[in-house]
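According to our numbering, the sequence shown is numbered sequentially starting from 1310. Backbone N, C-alpha and C fix where the C-beta goes; we use that ideal spot for every residue, glycine too. Here's the structure, in structure tokens; my notes come after.
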Amino acid sequence: MQVKDIIEVLEREIPSRYAVEWDNVGLLVGDRQQEVSRILIALDATDEVIAHAAECGAQMILTHHPLLFRPPKQVVEHDFLGRRIRALIKHEISCYAMHTNFDIVKMADANAEQLALQNPEVLEAVGEDEAGSYGFGRVGDLKEEMTLEDFARKVGEVMCLPAVRVYGDPLSVIRRAAVSSGAGKSSIPDAIACGADVIVTGDVDYHAGTDAVMQGISVIDAGHYGTEFVFISKMKEIVEKKLPEIEIETEAICQPYHVLSV
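Here is the structure:
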């Protein structure tokens, strides 16, 4: 099967038209005519991921985050991005990214499923299609109310996290929750408007967290990676179902930081 055939299948499942204007998705490095028998699925095309692909004989890498956001000014070995591009070309590996289109089409529902949200709705709408509004994140009710502390522990458990940061009163009652993967602080106003008691997201800075609490909503920072590595398992399911003739390798789940007790 060629790269172009795989792209055709992926486009039907996760159309690039759902990606937002500033994003850069699709085939970023590679050859549409290249034959592919094995795919590696990862969150990012890091040096380690590209080396893994070369070692396991994968001809294509599927990532969530785009390797390229802006046109590089040089492709040289001493630059980390240039080194990755050179390695992909050297090993004849194509690299395809599904970013905000995956967030909208698949990730939001996956996160809502992780948190067992009831009757989930779109949190931050960005457009409409024949099915109605679409956009980032989901908001829904919990099966049963619980304290913020207990809900934070549940988030840590289902997202396999070493720790979470919590803004808000640990003893406050949570009945309705929002989730927005990645760096989702821009969704906090939408979560407030939807009546959520808490929002689960990543990359929350001090002011965003404390300001949210002052507006009546708690925040659980589960990390950018923590809210998005579900991409790997979801893409594996899609490739197994839609491309059964392709062999699949997946990058191991590994948080990109360490939590140290001081």
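With residue i and residue j assumed to form a contact (beta carbons below 8 Å), what rounded beta-carbon distance in angstroms separates them?
i: N1574; j: P1324; result: Only positions 1310 to 1571 of the chain appear in this structure, which leaves residue 1574 out of reach.
i: E1430; j: V1448; result: 6 Å
i: I1402; j: A1363; result: 7 Å
i: A1354; j: R1393; result: 6 Å
i: G1446; j: A1487; result: 6 Å
i: I1497; j: A1531; result: At roughly 14 Å, the Cβ-Cβ gap does not stay under 8 Å, so I1497 and A1531 are not in contact.
i: A1492; j: D1506; result: In fact, because the Cβ distance is near 21 Å, the residues do not count as touching under 8 Å.
i: I1557; j: K1545; result: 6 Å
i: L1397; j: V1467; result: Contact doesn't hold; Cβ gap of about 34 Å is too wide.
i: H1400; j: H1374; result: That belief does not hold up - the Cβ atoms of H1400 and H1374 are roughly 20 Å apart, past 8 Å.
Looking at the secondary structure, which residues open and close the beta strand (DSSP E) in which residue i lies?
i: G1436; result: 1427 to 1438
i: V1312; result: V1312 -> not in any beta strand (DSSP E); alpha helix (DSSP H) instead, spanning 1312 to 1322.
i: G1335; result: 1335 to 1338
i: D1530; result: 1527 to 1530
i: A1406; result: 1403 to 1406
i: V1475; result: 1474 to 1476
Just to confirm the assignment, what range does the alpha helix (DSSP H) spanning residue i have?
i: T1536; result: 1533 to 1537
i: P1565; result: From DSSP, P1565 is part of no alpha helix (DSSP H); its letter is neither H nor E.
i: K1399; result: 1389 to 1399
i: D1332; result: Looking at the DSSP string, D1332 is not in any alpha helix (DSSP H), and its letter there is neither H nor E.
i: P1498; result: 1497 to 1502
i: A1505; result: Where A1505 is concerned, there is no enclosing alpha helix (DSSP H), given that its DSSP letter is neither H nor E.
i: E1364; result: 1356 to 1365
Per DSSP, residue i forms a beta bridge with which residues?
i: A1492; result: G1511
i: F1445; result: E1433
i: I1350; result: L1371, T1559
i: V1482; result: T1456
i: D1450; result: Q1427, R1485
i: E1422; result: Answer by DSSP bridge pairing: none, since E1422 is not bridged.
i: E1386; result: The partner list for E1386 (beta bridge, DSSP) is empty, contrary to what the question assumes.
i: E1344; result: Q1311
Going by other Cβ atoms of all chains shown within 10 Å of its Cβ, with 16 needed for buried, is residue i buried or exposed?
i: E1433; result: buried
i: E1453; result: exposed
i: C1469; result: exposed
i: E1502; result: What sits at residue 1502 in the sequence shown is Ala, not Glu. Exposed, since its Cβ has fewer than 16 Cβ neighbours within 10 Å.
i: L1569; result: exposed
i: T1510; result: buried
i: A1406; result: buried
i: S1442; result: exposed
i: T1536; result: buried
i: H1387; result: exposed
i: Y1566; result: exposed
i: M1416; result: buried
i: V1571; result: exposed
i: C1563; result: exposed
For a test of your reading of the model: does the CB of residue i fall under 6 Å from any non-hydrogen atom of the ligand HEM? Yes or no.
i: I1562; result: For the ligand HEM, the structure offers nothing, since it holds no ligand at all.
- Task: Assess, as a yes-or-no matter, whether the segment 1440 to 1460 is touched by the segment 1469 to 1480 under the definition of 3 or more beta carbon pairs within less than 8 Å.
- Result: Because the criterion of three Cβ pairs below 8 Å is met, the segment 1469 to 1480 and the segment 1440 to 1460 touch.
- Message: I want to know whether the segment 1521 to 1528 touches the segment 1544 to 1552 - three or more CB-CB distances under 8 Å.
- Response: Taking a cut-off of 8 Å for Cβ pairs, the segment 1521 to 1528 and the segment 1544 to 1552 do not touch, as fewer than three such pairs fall below it.
- When the Cβ atoms of the segment 1344 to 1358 are set against those of the segment 1369 to 1377, are three or more pairs found closer than 8 Å? A contact is defined here as three or more CB-CB pairs under 8 Å, and the segment 1344 to 1358 meets this definition with respect to the segment 1369 to 1377.
- Message: I want to know whether the segment 1338 to 1345 touches the segment 1378 to 1389 - three or more CB-CB distances under 8 Å.
- Response: The segment 1338 to 1345, when compared against the segment 1378 to 1389, does not touch it at the 8 Å Cβ threshold.
- Message: Using a Cβ distance threshold of 8 Å, determine whether the segment 1490 to 1501 contacts the segment 1326 to 1335, with at least three qualifying pairs required.
- Response: Contact between the segment 1490 to 1501 and the segment 1326 to 1335 is absent, because fewer than three Cβ pairs lie under 8 Å.
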